[in-house]
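Asks: Can you keep this structure in mind? I'll have questions shortly.
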Amino acid sequence: MNDALYARRKKVNALMFALTAVCAAVASGTLLAILGYIAWKGASSISWAFLTNLPKPVGEQGGGIANAVVGSAKVVGLAGLMGVPVGVLGGVYLAEYGRGKYAFAVRYAADVMNGVPSIVVGLFAYALIVHPMKRFSALSGSVALAFIMVPIVLRNTEEFLRLVPGTIREAALALGVPRWKVTLLVILPTAGRGILTGALLALARVAGETAPLIFTAFGNRFADNGWLNPIATLPHTIFTYAISPYEDWHNQAWAAALILMIFVLLVNVTARVWLRPSSGASH
Amino acid sequence: MIAAVSDRVRKVPGSRERAGDRLFRRVIAGFAGVILLAALALAWQLARESAETWRTFGLSFLWTSDWDPVADSFGALPFLYGTAVSSVLALLVAVPLGVGAAVFLTELAPKRLAEVLMFAIELLAAVPSVILGLMGIFLLVPAVRAAGSPYGVGMLTAGLILAFMILPYITTITREVLLTVPRPLKEAMYALGATRWEVVRGVSLPYARSGIVGAVFLSLGRALGETMAVTMVIGNTPQIKASLLEPGYSMAAVIANELAEAASDAHLSALVAIGLTLMAVTVVVNGAARLMLYRLGVRK
Numbered sequence: 339m340n341d342a343l344y345a346r347r348k349k350v351n352a353l354m355f356a357l358t359a360v361c362a363a364v365a366s367g368t369l370l371a372i373l374g375y376i377a378w379k380g381a382s383s384i385s386w387a388f389l390t391n392l393p394k395p396v397g398e399q400g401g402g403i404a405n406a407v408v409g410s411a412k413v414v415g416l417a418g419l420m421g422v423p424v425g426v427l428g429g430v431y432l433a434e435y436g437r438g439k440y441a442f443a444v445r446y447a448a449d450v451m452n453g454v455p456s457i458v459v460g461l462f463a464y465a466l467i468v469h470p471m472k473r474f475s476a477l478s479g480s481v482a483l484a485f486i487m488v489p490i491v492l493r494n495t496e497e498f499l500r501l502v503p504g505t506i507r508e509a510a511l512a513l514g515v516p517r518w519k520v521t522l523l524v525i526l527p528t529a530g531r532g533i534l535t536g537a538l539l540a541l542a543r544v545a546g547e548t549a550p551l552i553f554t555a556f557g558n559r560f561a562d563n564g565w566l567n568p569i570a571t572l573p574h575t576i577f578t579y580a581i582s583p584y585e586d587w588h589n590q591a592w593a594a595a596l597i598l599m600i601f602v603l604l605v606n607v608t609a610r611v612w613l614r615p616s617s618g619a620s621h
Numbered sequence: 112m113i114a115a116v117s118d119r120v121r122k123v124p125g126s127r128e129r130a131g132d133r134l135f136r137r138v139i140a141g142f143a144g145v146i147l148l149a150a151l152a153l154a155w156q157l158a159r160e161s162a163e164t165w166r167t168f169g170l171s172f173l174w175t176s177d178w179d180p181v182a183d184s185f186g187a188l189p190f191l192y193g194t195a196v197s198s199v200l201a202l203l204v205a206v207p208l209g210v211g212a213a214v215f216l217t218e219l220a221p222k223r224l225a226e227v228l229m230f231a232i233e234l235l236a237a238v239p240s241v242i243l244g245l246m247g248i249f250l251l252v253p254a255v256r257a258a259g260s261p262y263g264v265g266m267l268t269a270g271l272i273l274a275f276m277i278l279p280y281i282t283t284i285t286r287e288v289l290l291t292v293p294r295p296l297k298e299a300m301y302a303l304g305a306t307r308w309e310v311v312r313g314v315s316l317p318y319a320r321s322g323i324v325g326a327v328f329l330s331l332g333r334a335l336g337e338t339m340a341v342t343m344v345i346g347n348t349p350q351i352k353a354s355l356l357e358p359g360y361s362m363a364a365v366i367a368n369e370l371a372e373a374a375s376d377a378h379l380s381a382l383v384a385i386g387l388t389l390m391a392v393t394v395v396v397n398g399a400a401r402l403m404l405y406r407l408g409v410r411k
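Residue numbers (my numbering), protein chains in the order written: chain A, 339 to 621; chain B, 112 to 411.
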């Protein structure tokens with residue numbers, strides 16, 4: 339036994355152990371730092387009036403973000419109505435029939451599109467809707483967000499359907515139930531919880547998207563009306579206020595960021611807690 | 112096991128598909144195909160809307176650096192440069208940090224602690240980028256300025272923000288890859304008297320190498336296209352300077368800043384051309400990353 343060598347190896351081991359621990363501390367501590375800082379900066383400006391008032395004209399103090407909250411709900415809600423059904427049904431196909439070249443192409447396209455920058459998706463919605471209609475609109479923002487949601491929901495649905503035991507399929511089919519009924523009325527509900535939380539996570543993800551909204555939903559200092567006009571959204575309001583020169587707007591940006599962060603965290607934490615007991619899927 | 116059972120269900124011997132089932136299969140296959148159609152439509156739309164730029168400037172659009180919307184003169188090089196430099200900078204910071212964190216969480220940390228820390232890291236991935244940009248403007252920019260940078264905004268600041276954006280991806284995917292390292296390999300090494308670190312260095316990391324490369328590529332794809340956080344701190348100046356402390360610009364940022372107010376069709380077309388280029392680059396990077404990760408069965 340070479341004691342000196344042994345001691346050195348032990349020392350290297352301890353050193354690397356410590357270094358990787360520091361890495362992990364930095365990676366996970368960042369979240370705490372961000373949350374703490376936003377809460378500290380944003381909490382003082384949040385009030386009921388802030389949530390229910392419209393923005394004041396430039397230069398006047400005060401005003402709220404009611405239009406942005408409503409706008410975000412509208413744009414994200416419509417995106418969900420368009421994106422979730424497509425994603426879920428496509429995911430059912432991949433899970434239940436997904437063999438061969440076509441399924442591989444769909445899966446691969448979904449994964450690659452999931453990584454395409456959201457601003458590029460925004461350009462697509464711009465070219466598809468804004469440019470021909472010659473106006474920024476809530477609708478075009480929703481289309482962009484729906485497009486971002488589809489690949490996420492699709493792959494997530496597939497993953498959760500794969501967890502449904504084959505015996506359930508066999509049992510239902512053995513009763514002579516047609517395949518489509520088995521899929522829609524037995525298998526889909528079995529995985530329903532996972533699919534639903536997946537859809538919620540996708541909603542939370544697009545609720546924070548800003549880039550594709552800049553030139554689709556565009557933003558609006560007034561209360562929204564309808565689907566074919568420019569509309570304010572929370573993330574876009576945060577962006578506009580953050581790069582403005584006004585101190586008051588900076589404070590409002592922090593407060594709006596706190597609201598958005600609370601929403602995103604609530605959905606994420608709920609989804610994770612909700613999914614834990616029933617299945618071992620880690621998503 | 113489960114897969115084998117469902118395979119038998121899929122092909123009941125001697126049974127023909129009922130009409131209702133065939134219709135159902137075709138309809139949902141159509142829904143699945145929406146993503147393929149959308150991908151093609153996306154590429155086609157961007158190509159069409161940027162055709163004018165490619166006709167006027169040709170491919171030299173990509174390596175000239177004159178960006179003057181007023182004179183209808185466009186070259187994308189400063190944006191390509193800014194995107195590349197800020198992304199590489201982000202990788203330089205985030206890869207060692209992320210791989211280190213993944214090693215700690217997989218191989219060294221107690222299970223409970225690892226779970227809690229992973230939870231925090233996954234939530235970090237959910238922080239909207241506009242919020243990181245906000246932190247950047249009011250926290251990081253003053254800090255960088257205090258550290259001696261003349262402007263505060265610039266390549267370095269953008270790279271740092273990007274590093275924190277991609278850190279969760281690198282960490283979670285590397286961790287998943289490390290979890291696929293076969294136990295017997297590690298046990299064999301321990302049996303020879305290796306320390307934990309020696310097992311990590313000698314077995315786990317080499318075994319996981321291709322997966323880690325995949326994770327890095329995937330994160331690179333994210334960094335290349337990240338818009339808001341970068342737009343808010345990079346300085347938005349179309350110039351190519353050697354110093355990382357100088358303001359720069361990125362492809363995504365110039366689209367975000369100028370598209371809504373594009374004055375002429377030529378300007379609009381040039382911005383879409385940048386978007387098409389950005390898409391092409393990210394599709395190649397992501398496509399490669401996915402193929403690497405598929406082979407390992409990693410599904411994140």
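The C-beta atom is built at its ideal place from N, Cα and C for all residues, glycine as well.
Between A/F485, A/V459 and A/A448, which has its C-alpha nearest A/V422's C-alpha?
Replies: A/V422 has its Cα closest to that of A/F485, out of A/F485, A/V459 and A/A448.
Asks: Let me confirm a value: A/Q399 is counted as buried when at least 16 other C-beta atoms fall within 10 Å, else exposed. Which label applies?
Replies: Label assigned to A/Q399: exposed.
Asks: Note down, in chain order, every chain A residue with its Cβ under 8 Å from the Cβ of B/D179.
Replies: Near B/D179 there are no residues of chain A at all, since even the closest Cβ is about 21 Å away, more than 8 Å.
Asks: Secondary structure at B/P295, three-state DSSP: helix, strand or coil?
Replies: B/P295 falls in the helix class under three-state DSSP.
Asks: Assign A/S456 to one of three DSSP states: helix, strand, or coil.
Replies: If DSSP states are grouped into helix, strand and coil, A/S456 belongs with the helices.
Asks: Cα separation between A/M354 and B/W308?
Replies: Near 7 Å, if we compare the C-alpha coordinates of B/W308 and A/M354.
Asks: Give me the residue from B/A340, B/V138, B/F328 and B/A399 with the minimum Cα distance to B/T285.
Replies: Ranking the options by Cα distance to B/T285, first place goes to B/F328.
Asks: Taking C-beta pairs closer than 8 Å, name the residues in chain A that B/I59 reaches, listed in chain order.
Replies: Because chain B spans 112 through 411 in this model, residue 59 of chain B falls outside it and cannot be assessed.
Asks: Under 7 Å between C-beta atoms, does A/V454 make it to chain B?
Replies: True, the Cβ-Cβ gap to chain B drops below 7 Å.
Asks: Measuring straight from C-alpha to C-alpha, what distance separates A/L522 and A/E434?
Replies: Going from the Cα of A/L522 to the Cα of A/E434 covers about 11 Å.
Asks: In chain A, which residues lie less than 8 Å from B/G211 when you measure between Cβ atoms?
Replies: Simply L357, T358, V360, C361 and A362.
Asks: Closer than 9 Å, Cβ to Cβ, to anything on chain A: give me those residues from the stretch 318-341 of chain B, in chain order.
Replies: Result list: L329, G332, R333, L335, G336, E337, T338 and M339.
Asks: For the stretch 360-386 of chain B, enumerate the residues whose C-beta is nearer than 7 Å to any C-beta of chain A, in chain order.
Replies: Listed in sequence order: A363, I366, A367, L370, A371, V383 and G386.
Asks: Label A/M471 either buried or exposed according to how many other C-beta atoms from any shown protein chain fall within 10 Å of its C-beta, with 16 as the threshold for buried.
Replies: It counts as exposed.
Asks: Only counting runs of 4 or more residues, tell me where the alpha helix (DSSP H) segments fall wholly within the stretch 240-272 of chain B, in order along the chain.
Replies: Counting whole runs of 4 or more residues, the stretch 240-272 of chain B contains the alpha helix (DSSP H) stretches 240-246 and 252-257.
Asks: Using only the alpha-carbon positions, how far apart do A/V444 and B/L234 sit?
Replies: Their backbone Cα atoms lie some 28 Å apart in a straight line.
Asks: Taking Cβ-Cβ distances below 7 Å as the criterion, which residues of the stretch 280-293 of chain B are in contact with chain A?
Replies: Listed by position along the chain: T282.
Asks: Any C-beta of chain A sitting closer than 7 Å to the C-beta of B/Q156?
Replies: Taking Cβ atoms only, chain A reaches closer than 7 Å to B/Q156, which makes this a yes.
Asks: Is the shortest distance between the beta-carbon of B/D132 and the beta-carbons of chain A less than 7 Å?
Replies: So yes, B/D132 belongs to the interface.
Asks: In whole angstroms, what separates the C-alpha of B/A381 from that of B/F185?
Replies: If I take the Cα positions, the gap works out to 7 Å.
Asks: Can you give me the Cβ contacts of A/D449 inside the same chain, cut-off strictly under 8 Å, excluding the 5 residues immediately before and after it?
Replies: Excluding sequence neighbours, A/D449 sits near P489 and R493.
Asks: Using 7 Å as the threshold, is the C-beta distance between A/A365 and B/A130 below it?
Replies: Not closer than 7 Å, so no.
Asks: Using a C-beta to C-beta distance shorter than 8 Å, which residues of chain A count as neighbours of B/P349?
Replies: Near B/P349 there are no residues of chain A at all, since even the closest Cβ is about 17 Å away, more than 8 Å.
Asks: With which residues is A/F556 paired in a DSSP beta bridge?
Replies: Looking at the DSSP assignment, A/F556 forms a beta bridge with A/I569.
Asks: How many whole angstroms separate the CB atoms of B/V210 and B/V288, which I take to be in contact at a CB cut-off of 8 Å?
Replies: Going by Cβ atoms, the distance from B/V210 to B/V288 rounds to 10 Å, so no, they are not a contact pair.
Asks: Would you mind reading off the limits of the alpha helix (DSSP H) that contains B/L170?
Replies: Careful: B/L170 lies outside any alpha helix (DSSP H) and carries neither H nor E.
Asks: Assuming B/M246 contacts A/I403 (C-beta within less than 8 Å), just tell me the rounded distance between them.
Replies: Actually they do not touch by this definition, with Cβ atoms about 19 Å apart.
Asks: State the start and end residues of the unbroken alpha helix (DSSP H) segment that holds B/K222.
Replies: Unbroken alpha helix (DSSP H) run through B/K222: K222 to A237.
Asks: Determine the DSSP secondary structure at A/P516, reduced to helix, strand or coil.
Replies: Residue state, collapsed to three classes: coil.
Asks: Whole angstroms are fine: how far does the CA of A/L534 sit from the CA of B/V138?
Replies: If you take the alpha carbons of B/V138 and A/L534, they lie about 21 Å apart.
Asks: Leaving out the 5 sequence neighbours to the left and right, which residues in its chain are closer than 8 Å to A/I581 when beta-carbon positions are compared?
Replies: Closer than 8 Å at Cβ, skipping near neighbours: no residue.
Asks: Name the DSSP beta bridge partners of A/G401, please?
Replies: DSSP output for A/G401 lists A/P393 as bridge partner(s).
Asks: Give the DSSP bridge partners of B/D73, in chain order.
Replies: What is shown of chain B runs 112 to 411, which leaves residue 73 of chain B out entirely.
Asks: In terms of residues, what are the limits of the alpha helix (DSSP H) holding B/R307?
Replies: It spans R307 to V310 - the alpha helix (DSSP H) in which B/R307 sits, taken as one unbroken run.
Asks: Which residue comes first and which comes last in the alpha helix (DSSP H) that contains B/L356?
Replies: First-last for B/L356: undefined, no H or E at that position.
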